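2 protein chains.
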Amino acid sequence: MASLKDVAKEAGVALGTVSRVLNKSENVSPKTRKKVEKVIKKLGYQRNRVARRLRAKEGKTHMMGLLIPDIQNPFYVEVVRGVEEYALANDYAVLMCNFAQEEAREKLYLNIMRSEGIDGLIVAPVHQWDKGVIDLVHSGLPIVCVDRGLSGIEADVVVVSNSQGTFEAIELLVQLGHERIGFIAGKPQIPTSMERLRGYEAALRRYDIAKDESLIKFGDSKHESGKELSKELLSLEKPPTALFTGNNLITLGALETIHKRGLNIPDDIAIVGFDDMYWSISLNPPLTAVSQPGYEIGRRATEMLLQRIADPRREYAKVELRTKLVVRQSCGSHQGSTG
Amino acid sequence: MASLKDVAKEAGVALGTVSRVLNKSENVSPKTRKKVEKVIKKLGYQRNRVARRLRAKEGKTHMMGLLIPDIQNPFYVEVVRGVEEYALANDYAVLMCNFAQEEAREKLYLNIMRSEGIDGLIVAPVHQWDKGVIDLVHSGLPIVCVDRGLSGIEADVVVVSNSQGTFEAIELLVQLGHERIGFIAGKPQIPTSMERLRGYEAALRRYDIAKDESLIKFGDSKHESGKELSKELLSLEKPPTALFTGNNLITLGALETIHKRGLNIPDDIAIVGFDDMYWSISLNPPLTAVSQPGYEIGRRATEMLLQRIADPRREYAKVELRTKLVVRQSCGSHQGSTG
DNA sequence: ATGAAAGCGCTAACAG
DNA sequence: CTGTTAGCGCTTTCAT
Numbered sequence: 000m001a002s003l004k005d006v007a008k009e010a011g012v013a014l015g016t017v018s019r020v021l022n023k024s025e026n027v028s029p030k031t032r033k034k035v036e037k038v039i040k041k042l043g044y045q046r047n048r049v050a051r052r053l054r055a056k057e058g059k060t061h062m063m064g065l066l067i068p069d070i071q072n073p074f075y076v077e078v079v080r081g082v083e084e085y086a087l088a089n090d091y092a093v094l095m096c097n098f099a100q101e102e103a104r105e106k107l108y109l110n111i112m113r114s115e116g117i118d119g120l121i122v123a124p125v126h127q128w129d130k131g132v133i134d135l136v137h138s139g140l141p142i143v144c145v146d147r148g149l150s151g152i153e154a155d156v157v158v159v160s161n162s163q164g165t166f167e168a169i170e171l172l173v174q175l176g177h178e179r180i181g182f183i184a185g186k187p188q189i190p191t192s193m194e195r196l197r198g199y200e201a202a203l204r205r206y207d208i209a210k211d212e213s214l215i216k217f218g219d220s221k222h223e224s225g226k227e228l229s230k231e232l233l234s235l236e237k238p239p240t241a242l243f244t245g246n247n248l249i250t251l252g253a254l255e256t257i258h259k260r261g262l263n264i265p266d267d268i269a270i271v272g273f274d275d276m277y278w279s280i281s282l283n284p285p286l287t288a289v290s291q292p293g294y295e296i297g298r299r300a301t302e303m304l305l306q307r308i309a310d311p312r313r314e315y316a317k318v319e320l321r322t323k324l325v326v327r328q329s330c331g332s333h334q335g336s337t338g
Numbered sequence: 000m001a002s003l004k005d006v007a008k009e010a011g012v013a014l015g016t017v018s019r020v021l022n023k024s025e026n027v028s029p030k031t032r033k034k035v036e037k038v039i040k041k042l043g044y045q046r047n048r049v050a051r052r053l054r055a056k057e058g059k060t061h062m063m064g065l066l067i068p069d070i071q072n073p074f075y076v077e078v079v080r081g082v083e084e085y086a087l088a089n090d091y092a093v094l095m096c097n098f099a100q101e102e103a104r105e106k107l108y109l110n111i112m113r114s115e116g117i118d119g120l121i122v123a124p125v126h127q128w129d130k131g132v133i134d135l136v137h138s139g140l141p142i143v144c145v146d147r148g149l150s151g152i153e154a155d156v157v158v159v160s161n162s163q164g165t166f167e168a169i170e171l172l173v174q175l176g177h178e179r180i181g182f183i184a185g186k187p188q189i190p191t192s193m194e195r196l197r198g199y200e201a202a203l204r205r206y207d208i209a210k211d212e213s214l215i216k217f218g219d220s221k222h223e224s225g226k227e228l229s230k231e232l233l234s235l236e237k238p239p240t241a242l243f244t245g246n247n248l249i250t251l252g253a254l255e256t257i258h259k260r261g262l263n264i265p266d267d268i269a270i271v272g273f274d275d276m277y278w279s280i281s282l283n284p285p286l287t288a289v290s291q292p293g294y295e296i297g298r299r300a301t302e303m304l305l306q307r308i309a310d311p312r313r314e315y316a317k318v319e320l321r322t323k324l325v326v327r328q329s330c331g332s333h334q335g336s337t338g
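Sequence lines, in order, name chains Z and P.
The first sequence: position 122 = 121 (numbering that gives the first Met the number 0), numbered continuously.
The second sequence: position 20 = 19 (numbering that gives the first Met the number 0), numbered continuously.
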């Protein structure tokens with residue numbers, strides 16, 4: 000692989016001059032620039048990003064980190080796509096790691112990121128007191144949180160209207176005549192779980208429906224947990240007539256249980272889930288869901304991160320994007336199909 | 000961040016000695032080692048991976064690349080998990096990029112990888128004549144191909160028995176009484192598409208069923224294409240009684256079409272898909288599918304890559320893993336449910 | 001067993 | 001405008 004030195008020698012200029020051409024410095028004569036660019040092309044020279052990273056001051060390494068909780072969750076896949084797209088367009092490489100909802104692994108990756116010399120990081124913290132992330136914020140590394148914020152910490156964050164989104168979903172179910180609505184939540188430590196629960200409670204209050212604690216179950220945001228907890232709900236003496244599932248994996252687990260029991264959706268049990276997938280319409284019946292703009296979350300977060308890298312002193316911001324209720328057939332007689 | 004120099008000064012030894020301790024060199028007295036280790040802990044020292052990478056000889060940068068065609072495809076997500084797991088266990092960071100089936104983007108990422116100084120790369124080439132990847136192989140970088148091989152190139156590769164897997168699926172459909180079996184394939188340039196087609200043809204031959212070209216459609220391995228091509232098949236004058244879909248995204252697209260037309264699965268149309276998802280059972284009806292061991296593919300590929308990095312001259316190998324037919328309800332009266 | 005020193009490829013400060 | 005030079009933090013000789 001050709002190096003700066005090779006290019007300089009071949010072009011008959013100093014090494015620094017080549018660097019200037021590469022970095023689009025003003026102080027290069029058009030003639031020299033042309034000569035150097037020709038040699039660069041001729042030798043197929045490519046900048047060594049590692050050396051560049053080592054030497055460069057903070058904020059110019061052209062590498063950012065992305066730490067996501069669960070790559071098996073299609074929602075995060077959308078976020079990843081948004082991040083990747085925007086990063087690529089701005090000449091940033093993304094070091095992407097999946098900590099699979101394990102705090103220990105998150106810590107490990109946080110260390111790797113730090114020692115890879117990234118310019119900044121986009122992360123969905125394990126919970127709002129995530130020490131690893133908080134330490135990193137304090138260390139001065141530019142960080143944008145997605146999906147979940149940190150408690151009492153100044154940092155940029157991109158979230159969605161979890162509470163409002165859930166409210167709308169429950170409202171729809173109520174309007175369709177449901178009064179016993181089961182709610183399967185994710186881990187209570189994850190802020191989004193609690194926000195969604197608040198939306199549920201608010202909707203019940205709004206329509207004067209008494210809250211029945213036995214209809215609310217907490218799990219761990221995974222398929223298995225959706226499967227088990229829906230079983231528990233359906234086995235109640237007075238089972239719910241409708242189910243709200245707290246994320247997409249829980250939804251899929253619940254569907255498995257419902258189908259296994261031979262129940263009809265929506266006649267025996269209606270279901271609305273948080274998180275829409277582009278293939279939700281391929282489910283039978285097509286799923287009514289609260290759609291999060293995952294791609295947009297990723298894009299916006301990256302935009303904010305690059306802005307903060309460029310100007311570390313700018314005001315911290317919290318961006319809240321709106322969810323959208325996509326009504327299909329799993330919740331009952333509304334014929335609408337928005338998606 | 001503390002550096003090697005800081006540690007050396009604090010411990011009162013030379014910089015090189017600290018490096019030796021870090022690299023578990025034999026030539027350090029137990030006493031010195033202990034002293035240094037204590038300081039390392041005290042200062043919370045962490046190796047700077049960038050500097051290490053810049054200085055290190057090839058094969059010791061502790062960073063590998065992973066280039067996948069489509070992160071929205073759950074199959075590749077499984078592969079990613081397998082790679083990540085094995086890499087992490089061996090102190091390798093993974094630079095993971097998704098080229099979204101676009102050759103231009105693949106090329107771009109290939110360049111980034113090269114200039115990030117990775118030790119090796121796992122990649123699913125865009126097609127078997129993928130120039131970018133072939134050039135990289137020739138440059139001497141250790142490379143393992145997954146899912147698809149390269150034509151006429153010496154390189155390690157991990158694939159599955161695409162032809163045999165499809166054969167078994169078609170065989171099942173035939174045994175269930177189907178003779179008009181539609182086949183929706185992915186891009187013909189992708190080797191797996193053609194192998195799966197060969198399995199289809201072999202099964203027809205084996206059971207003396209004439210091949211009807213109008214039942215075979217080529218698309219681009221995506222959801223949209225599954226949707227459209229299944230529409231075409233179902234609109235034929237003599238439509239198929241069963242559908243074989245060439246990958247998971249195509250399957251989901253086909254399901255959408257089938258449900259939209261109000262057809263009953265499997266009575267009106269049976270369906271078997273290539274690729275199983277852990278939530279295939281949550282579909283209604285649960286999907287009969289050819290399951291690829293994605294996680295295992297990723298794990299094995301990484302194992303092979305690290306072996307090649309350690310010994311670049313070892314024999315090249317092609318590992319073919321077996322698929323498994325998971326029979327559920329989408330194909331008809333078999334009551335079996337293996338998944 | 002340890003110290004000293006070269007240098008990986010690059011950026012940026014300094015000198016002309 | 002361009003050349004020269006000092007490191008970034010580390011690994012790896014070469015001495016001792």
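Just so it is clear, CB atoms sit at the ideal spot from N, CA and C, and this is done for glycine as well.
Here the structure is a predicted model, which is why all the values come from computation and not from measurement.
The C-alpha of Z/Q174 is placed about 48 angstroms away from the C-alpha of Z/L107. Fully enclosed beta strand (DSSP E) runs of no fewer than 3 residues occupy 62-67 and 92-97 of the stretch 56-110 of chain Z, in order along the chain.
Shortest Cα-Cα distance from Z/G15 to any of Z/K4, Z/N89 and Z/I249 involves Z/K4.
In the displayed model, Z/A1 falls within coil according to three-state DSSP, outside both helix and strand. Note that the stretch 240-250 of chain Z touches the stretch 265-276 of chain Z; at least 3 beta-carbon pairs, one per stretch, sit closer than 8 angstroms. Counting every other CB atom within 10 Å of its CB across the protein chains shown gives P/M0 a total below 16, marking it as exposed. In the three-state DSSP reduction, Z/E200 falls in the helix class (H, G or I).
Near chain P, meaning a CB-to-CB distance below 7 angstroms, the residues of the stretch 83-112 of chain Z are E83, A92, L94, M95, N97, N110 and I111. The closest CA to that of Z/E170, considering only Z/N89, Z/M303 and Z/A201, is found on Z/A201. Pairing P/I70 with P/N97 gives a Cβ-Cβ distance under 8 angstroms. The beta carbon of P/G252 sits closer than 6 angstroms to those of H222, G225 and K226, all from its chain and outside the five residues before and after it, given in chain order. If only uninterrupted alpha helix (DSSP H) runs of at least 4 residues are considered, those enclosed by the stretch 192-255 of chain Z are 222-233. Boundaries of the beta strand (DSSP E) around Z/I121: G119 to V122. P/S290 is bridged by DSSP to P/K323. At a cut-off of 8 angstroms, the C-beta of Z/H137 has no neighbouring C-beta in chain P.
For P/G116 and Z/R46, the gap between their C-alpha atoms comes out near 11 angstroms. DSSP lists Z/V143 as the beta-bridge partner residues of Z/D155.
Residue Z/V143 holds the alpha-carbon nearest to the alpha-carbon of Z/T301 among Z/S281, Z/L214 and Z/V143. Straight through space, the alpha carbons of P/K210 and Z/M193 are spaced by roughly 57 angstroms.
Within 10 angstroms of the beta-carbon of P/H137 lie fewer than 16 other beta-carbons, which makes it exposed. At least one C-beta of chain P is nearer than 8 angstroms to the C-beta of Z/P285. The C-alpha of Z/R321 lies about 21 angstroms from the C-alpha of Z/S220. Three or more pairs of CB atoms, one per stretch, sit closer than 8 angstroms, so the stretch 108-127 of chain Z contacts the stretch 58-77 of chain Z.
For the pair of segments examined, the stretch 143-154 of chain P was found not to touch the stretch 84-92 of chain P: the number of CB pairs separated by less than 8 angstroms stays below three.
For Z/L203, same chain residues with a beta-carbon under 6 angstroms away, outside a window of 5 residues either side, are K210 in chain order. Looking at the backbone, the Cα of Z/G176 and that of P/K323 are separated by about 45 angstroms. At a C-beta separation below 7 angstroms, P/E115 has these neighbours in chain Z: R48, V49 and A92. DSSP places P/I180 within a strand segment (E or B) once states are collapsed to three. A residue is called buried when at least 16 other Cβ atoms come within 10 angstroms of its Cβ; P/P187 does not meet this threshold and is exposed.
Within 10 angstroms of the beta-carbon of P/K216 lie 16 or more other beta-carbons, which makes it buried.
A straight-line Cα-Cα distance of about 42 angstroms links Z/K33 and Z/D155.
Around the beta carbon of P/S290, a 10 Å sphere encloses 16 or more other beta carbons of the protein chains shown; the residue is thus reported as buried.
About 5 angstroms separates the CB atoms of P/L53 and Z/V49; that is less than 8 angstroms, so the two are in contact. Contact annotation for Z/Y206 against chain P: no contact, minimum CB-CB distance about 30 angstroms [criterion: below 8 angstroms]. DSSP, reduced to helix, strand and coil, places P/I268 outside both helices and strands of the structure shown, so it counts as coil. For the pair P/D266 and Z/A288, the Cα-to-Cα distance works out to about 29 angstroms.
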